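Chains as they are written, first to last, in the numbering used here: chain A, 1 to 336; chain B, 337 to 672. Virtual Cβ for every residue (Gly too), placed ideally from N, Cα, C. Fair warning: this is a prediction, and the values are worked out from it, not measured in the lab.
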């Protein structure tokens, strides 16, 4: 089983996933990655994945398929096993690690699926997140996509991943804390206020839809970093209605197409920033909840066109060579 | 001039460095990086860099040379210009951005310089950091190295960089805060206590010298992440004596050689985590200082053998496929 270990200097948890073990020799820098001719996610190769969790039927067999990750970072069985190791803290690597295969097609990336197919995929995201939320050992459920080798995708066939973690990750805690502090003073949602200002200033807006806005954040870390958020307050992605889900699919497809056309199919990551599953309620000891005003869900897309270097690792802040205003203008003017 | 912008959700500063501007078209993923035949850091090409800040004389011309970065992320002229932009905050991109050319040799990486040459280089680091510290607009001075293309090095010729920032970066603030909180309770240094435990447990220790220890941190984010720290308490790298500097050079060369031999010259970043230049003293308003017990300097080395992916970006925590105990054992057993 993997370990979760806590760094007392950076107050950060790390997963030491030795079941995905690679021997030191495997890291030799010059070793070329072998091109795989066999794809375990293609129709006909279903035997090559662990047993299916769920699937959506299409015209010929499945059109979306969810399976456990064959080399999971976290495993579902066991208890948290929280313990101290002298000055350090660790716990068992419990959680869940699933793969959502976007479509049977090895070649068609998400941007090029139909809106209806994307809606079906979003419904699968919701269904899996909803199911994992039932397990209160899991504090957070992250859905993300790695597209392209440089973005960390180890298999080419388009897929997303879902990881449920037994702690609330530091990035998420920070967002929750900022939203809480802001609400405490103003009784307004921080992210609602940011969206209002972006819609007024317009210069960082890529696309305004009836219910969703796409913009490049004011303090973007990366060139063409893009955020898709509901224009109305909603803390939990699971609450979106069928109509909202359709409009979100339209916005997602449009944004991914703009990035694909404008930057020649760049590698990218996207992450669904959603409210945590359960968190400690500060004023009601023993009670776990997520407060409605604590969050405002959004999807963050990071094209991987620049490299992290020593400055970023050493400081946690970022040098972005493209102003988000220029990135938004460029993306806005692309015809899709 | 670049902007420093603050993200109110992640409470993180970002440098929007438009003077290093690349047009959106420049990011096309498939564009191959051109191999440069001309190296501005090689002897004879001194005219190709901005005017020299300092140099150390060798047998034939200079052996170490410091120049301003030709495309600086931050510039020395101007005031901080702190201002609000509606809900956001920004300030001018003031600071300093220097390049330290390690040696005249284009081919010899730091690991293969002599100990004496490394000592001279460390003295140059100290001299430049000491000089930049005089400017109290600069809250933090980071020295780092990007080695290899995958680690973000844009020029092959071995060099380090120094960036002075007008704010204390979030990563540094977090380390300071952890050390302060720990000292407040225990009146001992957190990092001293970690080193004591590492020396007792031995399994993550790569090398123990008389004054410096090299170990793989308990919660390593990356395979073969390595830390070099003084075994005695010292908050500021500028305080090291000539003898300590020599022993640090020995430890640094030995560690870089082990990584180079064991992982076949991997790309890597290293960052000198040093005490900040000036910070707001919580109990003495109007007075800037660094408290002696607030920090314990160390050098962090990250071989870039795995890729950051959506999970890491979305959560700020990391999946490391190699246990630090295994990494330490592997590095310990390499003959250098």
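Q: Whole angstroms is fine: what's the gap from residue 632 (chain B)'s alpha carbon to residue 475 (chain B)'s?
A: Against the second chain, residue 632 (chain B) aligns to sequence position 296. Against the second chain, residue 475 (chain B) aligns to sequence position 139. Rounded to whole angstroms, residue 632 (chain B) to residue 475 (chain B) spans 17 Å at the Cα level.
Q | Extent of the continuous alpha helix (DSSP H) to which residue 328 (chain A) belongs | A | Position 328 of the first chain holds residue 328 (chain A). That run of the alpha helix (DSSP H) goes 324–332.
Q: Using a Cβ-Cβ cut-off of 8 Å, state whether residue 318 (chain A) counts as contacting chain B.
A: Here the question's residue 318 (chain A) lines up with position 318 in the first chain. Yes, residue 318 (chain A) counts as interfacial toward chain B.
Q) Of all the residues that make up the region 463–480 of chain B, which are near chain A by a beta-carbon distance shorter than 7 Å? A) 478 and 480
Q: Compute the distance between the beta-carbons of residue 381 (chain B) and residue 15 (chain A), then report whether it is under 8 Å.
A: On the second chain, residue 381 (chain B) is found 45 positions in, with the first residue counted as 1. On the first chain, residue 15 (chain A) is found 15 positions in, with the first residue counted as 1. No, the Cβ-Cβ distance between residue 381 (chain B) and residue 15 (chain A) is not below 8 Å.
Q.
Distance check for residue 539 (chain B) and residue 226 (chain A), CA to CA, integer angstroms please.
A. One-based indexing of the first chain puts residue 226 (chain A) at position 226. One-based indexing of the second chain puts residue 539 (chain B) at position 203. Between residue 226 (chain A) and residue 539 (chain B), the C-alpha separation is close to 43 Å.
Q) What do you get for residue 470 (chain B), buried or exposed, if any count of 16 or more other CB atoms within 10 angstroms of its CB means buried? A) As a position in the second chain, residue 470 (chain B) is number 134, starting the count at 1. The residue is exposed, with fewer than 16 neighbouring Cβ atoms inside 10 Å.
Q: Thinking residue 608 (chain B) and residue 480 (chain B) are a contact (beta carbons under 8 Å), I'd like their distance in whole angstroms, please.
A: Taking the first residue of the second chain as 1, we reach residue 608 (chain B) at position 272. Taking the first residue of the second chain as 1, we reach residue 480 (chain B) at position 144. About 7 Å; that satisfies the 8 Å criterion.
Q | Any C-beta of chain A under 8 Å from that of residue 365 (chain B) | A | Taking the second chain and counting its residues from 1, one reaches residue 365 (chain B) at position 29. Any answer about residue 365 (chain B) is weak, because its pLDDT of 45 lies below 50 and its placement is not dependable; what the coordinates show is given next. True, the Cβ-Cβ gap to chain A drops below 8 Å.
Q) Do you know offhand how far residue 666 (chain B)'s Cα is from residue 426 (chain B)'s? A) The residue labelled residue 666 (chain B) in the question sits at position 330 within the second chain. The residue labelled residue 426 (chain B) in the question sits at position 90 within the second chain. If I take the Cα positions, the gap works out to 46 Å.
Q) If contact means a Cβ-Cβ distance below 8 Å, which residues of the region 551–564 of chain B contact chain A? A) 553, 554, 555, 556, 557, 559 and 560
Q. DSSP state of residue 576 (chain B), grouped into three classes?
A. As a first step, residue 576 (chain B) must be located in the second chain, where it is residue number 240. Coil, per DSSP.
Q. Which chain B residues are close to residue 8 (chain A), counting only those with a beta carbon under 8 Å from its beta carbon?
A. Position 8 of the first chain holds residue 8 (chain A). Neighbours of residue 8 (chain A) on chain B, chain order: 514, 518, 526 and 530.
Q) Looking at C-beta atoms only, is the number of pairs between the region 598–606 of chain B and the region 565–580 of chain B that lie closer than 8 Å three or more? A) no
Q | N- and C-terminal bounds of the alpha helix (DSSP H) containing residue 338 (chain A) | A | Residue coverage of chain A in this structure runs from 1 to 336, which leaves residue 338 (chain A) outside it and unanswerable.
Q. Comparing alpha-carbon positions, which option in B:434, B:449 and B:662 lies nearest residue 406 (chain B)?
A. For this step, residue 406 (chain B) is matched to residue 70 along the second chain. With distances taken between Cα atoms, residue 406 (chain B) lies closest to B:434.
Q: Check the Cβ of residue 341 (chain B) against every Cβ in chain A and list those closer than 7 Å, keeping chain order.
A: To locate residue 341 (chain B), count along the second chain from 1; it is residue 5. In chain order: 218 and 219.
Q: Closer than 7 Å, Cβ to Cβ, to anything on chain A: give me those residues from the region 413–437 of chain B, in chain order.
A: 422, 423 and 424
(Q) Does the structure place the region 495–514 of chain B close enough to the region 541–561 of chain B that three or more beta carbon pairs sit under 8 Å? (A) Because the criterion of three Cβ pairs below 8 Å is not met, the region 541–561 of chain B and the region 495–514 of chain B do not touch.
Q. Candidates A:315, A:131, A:120 and A:50: which alpha carbon is nearest residue 242 (chain A)'s?
A. Reading the first chain from its first residue, position 242 is the one you call residue 242 (chain A). The residue with the shortest Cα to Cα distance from residue 242 (chain A) is A:120.
Q: Alpha carbon to alpha carbon, how far is residue 301 (chain A) from residue 650 (chain B)? Give it in angstroms, no decimals.
A: In the second chain, counting from the first residue as 1, residue 650 (chain B) sits at position 314. In the first chain, counting from the first residue as 1, residue 301 (chain A) sits at position 301. Roughly 10 Å between the two C-alpha positions.
Q) Roughly how many whole angstroms lie between the Cα atoms of residue 193 (chain A) and residue 328 (chain A)? A) Locating residue 193 (chain A) in the first chain gives position 193, where the first residue counts as 1. Locating residue 328 (chain A) in the first chain gives position 328, where the first residue counts as 1. Taking the straight line from one Cα to the other gives about 19 Å.
Q) Does the distance from the CB of residue 432 (chain B) to the CB of residue 468 (chain B) come in under 8 Å? A) Locating residue 432 (chain B) in the second chain gives position 96, where the first residue counts as 1. Locating residue 468 (chain B) in the second chain gives position 132, where the first residue counts as 1. Contact flag set, yes.
Q | Cutoff 7 Å; reference residue 261 (chain A); Cβ partners in own chain excluding five residues on either side | A | Taking the first chain and counting its residues from 1, one reaches residue 261 (chain A) at position 261. If we look at residue 261 (chain A) and ignore the five residues flanking it on each side, its Cβ neighbours are 334 and 336.
Q) DSSP puts residue 85 (chain A) in a beta bridge; with which residues? A) Counting from 1 along the first chain, the entry for residue 85 (chain A) is found at position 85. Per DSSP, A:88.
Q: Check each candidate in A:199, A:233 and A:211 and name the one with the smallest Cα separation from residue 217 (chain A).
A: Position 217 of the first chain, counting from 1, holds the residue named residue 217 (chain A). Looking at the Cα atoms, A:199 is the closest of the given residues.
Q: In angstroms with no decimal places, state the Cα-to-Cα distance between residue 627 (chain B) and residue 499 (chain B).
A: Position 291 of the second chain holds residue 627 (chain B). Position 163 of the second chain holds residue 499 (chain B). Near 22 Å, if we compare the C-alpha coordinates of residue 499 (chain B) and residue 627 (chain B).
Q) Interface residues of chain B around residue 313 (chain A) at Cβ under 7 Å? A) Taking the first residue of the first chain as position 1, residue 313 (chain A) is located at position 313. Ordered by position in chain B, the residues that pass the 7 Å Cβ test against residue 313 (chain A) are 605, 607 and 638.
Q: Please confirm if residue 172 (chain A) has its CB atom under 8 Å from at least one CB of chain B.
A: Numbered from 1 along the first chain, position 172 holds the residue referred to as residue 172 (chain A). Output row for residue 172 (chain A): interface = yes.
Q. Taking Cβ-Cβ distances shorter than 8 Å, what residues in chain B pair up with residue 13 (chain A)?
A. Taking the first chain and counting its residues from 1, the one referred to as residue 13 (chain A) is at position 13. Under the 8 Å cutoff, chain B gives 555 and 653.
Q.
Just checking: is the beta-carbon of residue 50 (chain A) within a distance shorter than 8 Å of some beta-carbon in chain B?
A. Here the question's residue 50 (chain A) lines up with position 50 in the first chain. Chain B contact via Cβ: absent.
Q. Across which residues does DSSP place residue 607 (chain B) in a beta bridge pair?
A. Residue mapping note: residue 607 (chain B) aligns to position 271 of the second chain, counting from 1. DSSP, once it has assigned bridges, lists B:480 and B:636 as partnering residue 607 (chain B).
Q. Which residues mark the beginning and the end of the beta strand (DSSP E) in which residue 65 (chain A) is found?
A. Along the first chain, one-based indexing puts residue 65 (chain A) at 65. Run containing residue 65 (chain A): 62–68, per the beta strand (DSSP E) assignment.
Q. Where in the region 179–234 of chain A do unbroken runs of the beta strand (DSSP E), each at least 3 residues long, occur, reported from the N-terminal end onward?
A. 205–208, 212–215 and 226–230
(Q) Going by DSSP in three states, residue 118 (chain A) sits in which element: helix, strand or coil? (A) Translated into the one-based positions of the first chain, residue 118 (chain A) becomes position 118. Looking at residue 118 (chain A) - three-state DSSP - the assignment turns out to be helix.
Q) Are the C-beta atoms of residue 169 (chain A) and some chain B residue less than 8 Å apart? A) Residue numbering aside, residue 169 (chain A) sits at position 169 when the first chain is read from its first letter. Interface annotation, residue 169 (chain A): in contact with chain B, CB-CB separation under 8 Å.
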